[in-house]
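Protein chains in written order, with the working numbering: chain A, 1 to 682; chain B, 1001 to 1119.
So, in structure tokens, the structure goes:
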């Protein structure tokens, strides 16, 4: 047989060695010389150890720290810890026990005591583990029952109308009530806890046969005719038949119980019920109880053919036999506890969570196991799902995230968190500085705006956002699905989403966009680009003062003809350079035609000296070619003037300069308004 | 020198340790191991460097070993030192150090003599 493994944690080599020597006959030992090392070993292979012997005073991390980590990671639930320490102060011992230590061995070590304590502790834990697994299996069985239940019910609920949903819950609550009262009162029926919970569950199925009944009869607002009633009565047999015909689960105890209830929940104690006219305790107790519950809820609920009857009146009607004959013991239960019943039902509708009692039963069943009512198998399945999701998330190379407003916590997929250098869980993300630095400005506004625009019908939206990823600003396409509650009106309860790196395609796209508005030779804006930017500038800052200057190279054709096209290009490049150097970077420079250029600039008081300076800069020799330009300028004096209008005026001024003998500039005034220019600017 | 004589020389309780560890072989093994333990050097260094936490741990380790080996005399003085250092009282710690040093030297010298005899 394999030896149990023990981890000895003590900073003194001698102490470890003494303990190891004492235990090595029976156990396999492993040693750690400080708390940090112990934690590292446990992290790697916590499941292989049956016991930890732990010193308190140690460098790195002390014994208390180790206990804390073992609590946090819940190893302490599976691995018992015996403290081995020279510490004898009661406060220290107390603290160790509080942190989950099982036992204490105080130095000096006595070989036989160490042996006994270690032995006992390991045995005790082995037993406990076995018990936990037994309980877990039972809980699993319960879960399987209820999932089967949900299978059947959800199948049926589709066929049913709204009122029955509540009816089912009420019947379950009342059945629960009677079962517990009954087992307190008498042990005639000797119901086990397991049987009780089966009956409660199965009670929800009592009316499944109704799906085969014509809806016209089911929802008829008025008394049924004899024929209609005969049809209606068939539902108990039909329901039972449906269960009997189940191909797989026929022998499941839950299905068997449900069969009894379906078939006989309209029988009466005196044999006057249907379908079989069973009498007294020939009717299974499950069906007797559900029959009573069904009657009570039918009385106290509103139906298409009747109003709701108050609790007291309903109880009175039942007790006086107006709804048929019931088991006298059950009637006693009812009359003795009618207030409790009323309370139970009121509580249920208040909470809106009718299965609370079941949940409590489950919790009881799991004893005090800290796993919170979920069996190990379920946890394993959840783990598997999580692993699967993480795998796919990592493969997709997307940053996936979810946010829930209830917890105000942002969860990022492990791959994404790693990519961003953020933790996987971020509390109060809107206040998180790291997140803020990473996402930069504006994301909150965009997000809130788009969330506000989303709705139950269109919960999805996407936007592009640039943010910092490992020190690099990159473009991401962020796709989000807002999560709205089912309530009326719906409320925003969170979101899920992903961010996909589109940096490379986005950069390419922007490059292309940039290219489209630039003149390839000079790198200045082209005509369309200039117009767009100017119009945007005017729109955004209408109160600023602007001027637009147009110019072309005097006798450029000659330069081309005499010196060749390459030289012509050189002249154009020269001009572009001069232009950009003589204006502010915020001003707009463009080449709008072969040798035609445009400058759009902002100024404060007088445009004349500014234009004069620029004009002077532009003229001069390029190699042996004496470069001059003719320029026309228009001040944008009136608000509301359009680009088209001032461009036209600047062009008129340019023609005026040309007509006046070139190599000069003029600022538009009204005397030029009749100059005709063949501008095709639109 | 027998192991029992060694215990008398260093002021320890041989019967106690034999009762707990159950074998002379084991007792001898751990007694010899005591010579290899660096805790005393660490204690001196930590006190010099005024590192109270480290000094406390070293004293504590010595105390623990003494308890396990039933080195009563050194155990008592190192225990007193441990308690002084636990409270962070360096002054008292330094005052108690000479006694610990004397007991330690006595212990080491007894074990060394014993060791010389068995090799």
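From the three backbone atoms N, C-alpha and C, an ideal C-beta is built for every residue, glycine too. Just so we're clear, the structure is a prediction, and the values are computed from it rather than from any experiment.
- Interface residues of the region 1049–1069 of chain B facing chain A [CB-CB below 7 Å]: Within the region 1049–1069 of chain B, the residues whose Cβ lies closer than 7 Å to any Cβ of chain A are, in chain order, 1057, 1060, 1061, 1063, 1064, 1065, 1067, 1068.
- Message: Suppose contacts are defined by Cβ-Cβ distances below 7 Å. Is residue 314(A) in contact with residue 296(A) by that definition?
- Response: Position 314 of the first chain, counting from 1, holds the residue named residue 314(A). Position 296 of the first chain, counting from 1, holds the residue named residue 296(A). Result yes, Cβ atoms of residue 314(A) and residue 296(A) sit closer than 7 Å.
- Query: So, residue 495(A) versus residue 480(A), is the Cβ gap smaller than 7 Å?
  - Reply: Counting from one through the first chain, the residue named residue 495(A) turns up at place 495. Counting from one through the first chain, the residue named residue 480(A) turns up at place 480. Yes, the pair counts as a contact, with Cβ atoms nearer than the cut-off.
- Answer yes or no: does any C-beta atom of chain B fall closer than 7 Å to that of residue 86(A)? Within the first chain, residue 86(A) is the residue found at index 86, counting from 1. Cβ-Cβ to chain B under 7 Å: yes for residue 86(A).
- Message: Taking its Cβ as the centre, do 16 or more other Cβ atoms sit within 10 Å of residue 421(A), making it buried, or is it exposed?
- Response: For this step, residue 421(A) is matched to residue 421 along the first chain. So residue 421(A) ends up on the exposed side.
- Task: Quick one: using the 10 Å Cβ neighbour count with 16 as the cut-off for buried, is residue 690(A) buried or exposed?
- Result: Because chain A here runs from 1 to 682, residue 690(A) falls outside it and cannot be looked at.
- Message: For the beta strand (DSSP E) containing residue 631(A), name the first residue and the last one.
- Response: The residue labelled residue 631(A) in the question sits at position 631 within the first chain. That run of the beta strand (DSSP E) goes 629–636.
- Are the region 1045–1056 of chain B and the region 1014–1030 of chain B in contact at 8 Å, needing three or more beta carbon pairs? Of all C-beta pairs linking the region 1045–1056 of chain B to the region 1014–1030 of chain B, fewer than three are shorter than 8 Å, placing the two stretches out of contact.
- Query: Taking 7 Å as the CB-CB limit, is residue 1040(B) close to chain A?
  - Reply: Position 40 of the second chain, counting from 1, holds the residue named residue 1040(B). Cβ-Cβ to chain A under 7 Å: no for residue 1040(B).
- Task: Can you tell me the Cβ-Cβ gap for residue 220(A) and residue 305(A), rounded? I've got them flagged as a contact below 8 Å.
- Result: Locating residue 220(A) in the first chain gives position 220, counting from the first residue. Locating residue 305(A) in the first chain gives position 305, counting from the first residue. The beta-carbon separation of residue 220(A) and residue 305(A), rounded to 7 Å, stays under the 8 Å limit for a contact.
- Straight-line Cα distance separating residue 472(A) from residue 581(A): Numbered from its first residue, the first chain carries residue 581(A) at position 581. Numbered from its first residue, the first chain carries residue 472(A) at position 472. One alpha carbon belongs to residue 581(A), the other to residue 472(A), and they sit about 32 Å apart.
- Message: Under 8 Å, with one C-beta from each stretch per pair, do the region 406–424 of chain A and the region 503–523 of chain A reach the 3-pair mark?
- Response: In this structure the region 406–424 of chain A does not lie against the region 503–523 of chain A, because fewer than three pairs of beta carbons, one per stretch, are closer than 8 Å.
- Item | Terminal residues of the beta strand (DSSP E) in which residue 475(A) lies | Translated into the one-based positions of the first chain, residue 475(A) becomes position 475. From DSSP, the beta strand (DSSP E) with residue 475(A) extends over 472–484.
- Could you tell me whether the Cβ of residue 1003(B) comes closer than 7 Å to any Cβ of chain A? On the second chain, residue 1003(B) is found 3 positions in, with the first residue counted as 1. False, the Cβ-Cβ gap to chain A never drops below 7 Å.
- Task: Tell me, please, which residues DSSP counts as bridged to residue 602(A).
- Result: Mapped onto the first chain, residue 602(A) falls at position 602. Assignment of beta-bridge partners to residue 602(A) by DSSP yields 546(A).
- Message: I'd like to know whether the C-beta atoms of residue 1037(B) and residue 1073(B) end up nearer to each other than 7 Å.
- Response: By 1-based counting over the second chain, the position of residue 1037(B) is 37. By 1-based counting over the second chain, the position of residue 1073(B) is 73. Not a contact, by the Cβ cut-off of 7 Å.
- Give the DSSP bridge partners of residue 84(A), in chain order. Looking up residue 84(A) in the first chain gives position 84. Per DSSP, 105(A).
- Task: Using a Cβ-Cβ cut-off of 7 Å, state whether residue 47(A) counts as contacting chain B.
- Result: Stepping through the first chain from its first residue, residue 47(A) is reached at position 47. Taking Cβ atoms only, chain B never reaches closer than 7 Å to residue 47(A), which makes this a no.
- Query: Do residue 56(A) and residue 29(A) have their CB atoms nearer than 7 Å?
  - Reply: On the first chain, position 56 is the one that residue 56(A) refers to. On the first chain, position 29 is the one that residue 29(A) refers to. Not closer than 7 Å, so no.
- With DSSP as the reference, label residue 403(A) as helix, strand or coil. As a first step, residue 403(A) is located in the first chain; it is residue number 403 there, counting from the start. In the structure shown, residue 403(A) sits in a strand (DSSP, three-state: E or B).
- Message: For the pair the region 181–192 of chain A and the region 254–272 of chain A, tell me if three or more CB-CB distances fall below 8 Å.
- Response: By the Cβ rule, the region 181–192 of chain A does not count as touching the region 254–272 of chain A, because fewer than three pairs are nearer than 8 Å.
- Message: Among 632(A), 517(A), 641(A), 498(A), whose alpha-carbon lies nearest the alpha-carbon of residue 396(A)?
- Response: Taking the first chain and counting its residues from 1, one reaches residue 396(A) at position 396. Of the candidates 632(A), 517(A), 641(A), 498(A), the one whose C-alpha sits nearest the C-alpha of residue 396(A) is 498(A).
- Task: Note the first and the last residue of the continuous beta strand (DSSP E) segment covering residue 591(A).
- Result: For the purposes of this step, residue 591(A) is identified with residue 591 of the first chain, where counting begins at 1. DSSP places residue 591(A) inside the beta strand (DSSP E), whose first and last residues are 588–591.
- Query: Based on Cα-Cα distance, which residue from 76(A), 608(A), 62(A), 445(A) lies nearest to residue 46(A)?
  - Reply: The count along the first chain starts at 1 and reaches residue 46(A) at position 46. Residue 76(A) is the option with its Cα nearest to residue 46(A).
- Message: Could you tell me which whole alpha helix (DSSP H) segments of length 4 or greater appear in the region 484–553 of chain A?
- Response: Here the runs fully enclosed are 503–516, 527–540.
- Query: Interface residues of chain A around residue 1033(B) at Cβ under 8 Å?
  - Reply: To locate residue 1033(B), count along the second chain from 1; it is residue 33. The contacting residues are 13, 14, 17.
- Determine whether the Cβ of residue 396(A) lies closer than 7 Å to any Cβ atom of chain B. Working through the first chain from its first residue, we reach residue 396(A) at position 396. Residue 396(A) does not count as touching chain B.
- Task: Under 8 Å Cβ to Cβ from residue 1030(B), same chain only, skipping five residues before and after it: list those, please.
- Result: Working through the second chain from its first residue, we reach residue 1030(B) at position 30. The beta carbon of residue 1030(B) lies closer than 8 Å to those of 1021, 1068, 1069 in the same chain, with the five residues before and after it left out.
- Query: residue 58(A): buried (16+ other C-beta within 10 angstroms of its C-beta) or exposed?
  - Reply: In the first chain, counting from the first residue as 1, residue 58(A) sits at position 58. Buried is the call here.
- Query: Is the number of C-beta pairs between the region 546–559 of chain A and the region 649–668 of chain A that are closer than 8 Å three or more?
  - Reply: The count of Cβ pairs closer than 8 Å, one atom from the region 546–559 of chain A and one from the region 649–668 of chain A, reaches three, so the stretches are in contact.
- Identified DSSP bridge partners for residue 626(A): Residue 626(A) sits at position 626 when you count from the first residue of the first chain. In DSSP, residue 626(A) forms a bridge with 621(A).
- Examine chain B for any beta-carbon lying closer than 7 Å to the beta-carbon of residue 116(A), and answer yes or no. Counted from its first residue, the first chain places residue 116(A) at position 116. Using beta-carbon distances, residue 116(A) does not count as an interface residue toward chain B, since no partner is under 7 Å.
- Message: Using CA atoms only, rank isn't needed, just tell me which of 563(A), 577(A), 391(A), 114(A) is closest to residue 617(A).
- Response: For the purposes of this step, residue 617(A) is taken as residue 617 along the first chain, with counting starting at 1. Of the listed residues, the one whose Cα sits closest to residue 617(A) is 577(A).
- Message: Tell me which residue opens and which closes the beta strand (DSSP E) that residue 466(A) is part of.
- Response: Position 466 of the first chain holds residue 466(A). Segment 460–469, the beta strand (DSSP E) holding residue 466(A).
- Item | Option nearest residue 403(A) by Cα separation, candidates 276(A), 392(A), 429(A) | As a first step, residue 403(A) must be located in the first chain, where it is residue number 403. Checking every option, the nearest Cα to that of residue 403(A) belongs to 429(A).
- Message: With three or more C-beta pairs closer than 8 Å as the rule, is the region 107–121 of chain A touching the region 16–28 of chain A?
- Response: Counting Cβ pairs under 8 Å, three or more are found: they touch.
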